[in-house]
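Q: Its first residue numbered 0, the sequence shown is counted upward by one per residue in numbering that gives the first Met the number 0.
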Amino acid sequence: MPAREPAYDHFPSSEWTWLATRVSDAPRDGTVAAELRARVMERYAEPLRIYAKGSSLGWLDDAEALVNGFFASRLARDEYLLKWFESAMPLRRFLANGMLLYLREELRARMRRERRTGVSIAAMHEQGADGQPRPRPGRPHSPQRPAGGPRRERA
Numbered sequence: 000m001p002a003r004e005p006a007y008d009h010f011p012s013s014e015w016t017w018l019a020t021r022v023s024d025a026p027r028d029g030t031v032a033a034e035l036r037a038r039v040m041e042r043y044a045e046p047l048r049i050y051a052k053g054s055s056l057g058w059l060d061d062a063e064a065l066v067n068g069f070f071a072s073r074l075a076r077d078e079y080l081l082k083w084f085e086s087a088m089p090l091r092r093f094l095a096n097g098m099l100l101y102l103r104e105e106l107r108a109r110m111r112r113e114r115r116t117g118v119s120i121a122a123m124h125e126q127g128a129d130g131q132p133r134p135r136p137g138r139p140h141s142p143q144r145p146a147g148g149p150r151r152e153r154a
């Protein structure tokens, strides 16, 4: 039986020492906080995209949009990476757990929106937010002729 290749790990090493020294300085220094956020986003954006695509909730949106929303939601909080440090959890696990919680929050928000408006996101996509039918590909959309309006005679 041929030897199996080890599974490829999409998550990079966390550079724990580098991150740990900056996490403790970040609350007092905006420059360090910005550098820390940029490094985490740079190193973990692609692995989180892959994680989002493979998630059972990946259908919520494009993986890129989900990851960007996660970063905007979580990394904007000054204490988010400090909580990671205090948890003593591997950063990859902390981010994957955070991403899953974010996806669940997005699902709940979508369901609340649908209950409140009575219109699903899928229906809005099909009809358009204004309730007008979406133009079909290949057919130019022309406004309806008002009732009793002039008709063009065909030659």
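Don't be surprised by glycine CBs; every beta carbon is placed ideally from N, CA and C.
(1) Does residue 88 come out as helix, strand or coil in the three-state DSSP assignment?
(2) Is the beta carbon of residue 50 sitting closer than 8 Å to the one on residue 87?
(3) Could you tell me if residue 62 is buried or exposed, where buried requires 16 or more neighbouring beta carbons within 10 angstroms of its beta carbon?
(4) Return the Cβ separation of residue 80 and residue 39 in integer angstroms, given the expectation that the two are a contact with Cβ distance under 8 Å.
(5) Classify residue 83 as buried or exposed, calling it buried when 16 or more other Cβ atoms lie within 10 Å of its own Cβ.
(6) Counting only the same chain and skipping the five closest in sequence on each side, list residues whose C-beta sits under 8 Å from that of residue 101.
(7) Would you call the CB atoms of residue 56 and residue 91 closer than 8 Å?
(8) Assuming residue 35 and residue 48 are in contact, meaning their beta carbons sit under 8 Å apart, how far apart are those beta carbons, in whole angstroms?
(9) Note down the Cα distance separating residue 19 from residue 116, rounded to an integer number of angstroms.
(10) Can you tell me which of the three DSSP states residue 76 falls into?
(11) Pull up the distance between the alpha-carbon of residue 17 and that of residue 52, whole angstroms please.
(12) Nearest to residue 27 by CA position, among 106, 110, 107, 78, is which residue?
(13) For residue 29, tell me which candidate among 75, 54, 111, 110 has the shortest Cα-Cα distance.
(14) Assuming residue 47 is part of the alpha helix (DSSP H), what are its boundary residues?
(15) Residue 106: which of 33, 60, 23 sits nearest, CA to CA?
A: Quick answer:
(1) Position 89 of the sequence shown, counted from the first residue, corresponds to residue 88. The answer is coil: DSSP assigns residue 88 none of H, G, I, E or B.
(2) Residue numbering aside, residue 50 sits at position 51 when the sequence shown is read from its first letter. Residue numbering aside, residue 87 sits at position 88 when the sequence shown is read from its first letter. No, Cβ-Cβ distance for residue 50 and residue 87 is not below 8 Å.
(3) Here residue 62 is taken as the residue at index 63 of the sequence shown, counted from 1. Answer is buried; the Cβ neighbour count reaches 16.
(4) What you label residue 80 is simply residue 81 of the sequence shown in a count that begins at 1. What you label residue 39 is simply residue 40 of the sequence shown in a count that begins at 1. Rounded, the Cβ-Cβ distance is 7 Å, consistent with contact.
(5) Here residue 83 refers to the residue found at position 84 of the sequence shown. That one is buried.
(6) The residue labelled residue 101 in the question sits at position 102 within the sequence shown. Excluding positions up to five away in sequence, the list reads 65, 68, 69, 72, 73.
(7) For this step, residue 56 is matched to residue 57 along the sequence shown. For this step, residue 91 is matched to residue 92 along the sequence shown. Taking 8 Å as the Cβ cut-off, residue 56 and residue 91 do not qualify as a contacting pair.
(8) Taking the first residue of the sequence shown as position 1, residue 35 is located at position 36. Taking the first residue of the sequence shown as position 1, residue 48 is located at position 49. Not really, about 20 Å apart at Cβ, beyond 8 Å.
(9) Walking along the sequence shown from the start, residue 19 turns up at place 20. Walking along the sequence shown from the start, residue 116 turns up at place 117. Near 45 Å, if we compare the C-alpha coordinates of residue 116 and residue 19.
(10) Along the sequence shown, read from residue 1 onward, the residue named residue 76 stands at position 77. Note: residue 76 maps to coil in three-state DSSP.
(11) Start at 1 with the first residue of the sequence shown, and residue 17 comes out as number 18. Start at 1 with the first residue of the sequence shown, and residue 52 comes out as number 53. So the alpha carbons of these two residues sit roughly 29 Å apart.
(12) Along the sequence shown, one-based indexing puts residue 27 at 28. Checked all of 106, 110, 107, 78; the closest Cα to residue 27 is 78.
(13) As a first step, residue 29 must be located in the sequence shown, where it is residue number 30. The shortest C-alpha separation from residue 29 is found at 75.
(14) Numbered from 1 along the sequence shown, position 48 holds the residue referred to as residue 47. From DSSP, the alpha helix (DSSP H) with residue 47 extends over 29-53.
(15) The residue labelled residue 106 in the question sits at position 107 within the sequence shown. Residue 60 is the option with its Cα nearest to residue 106.
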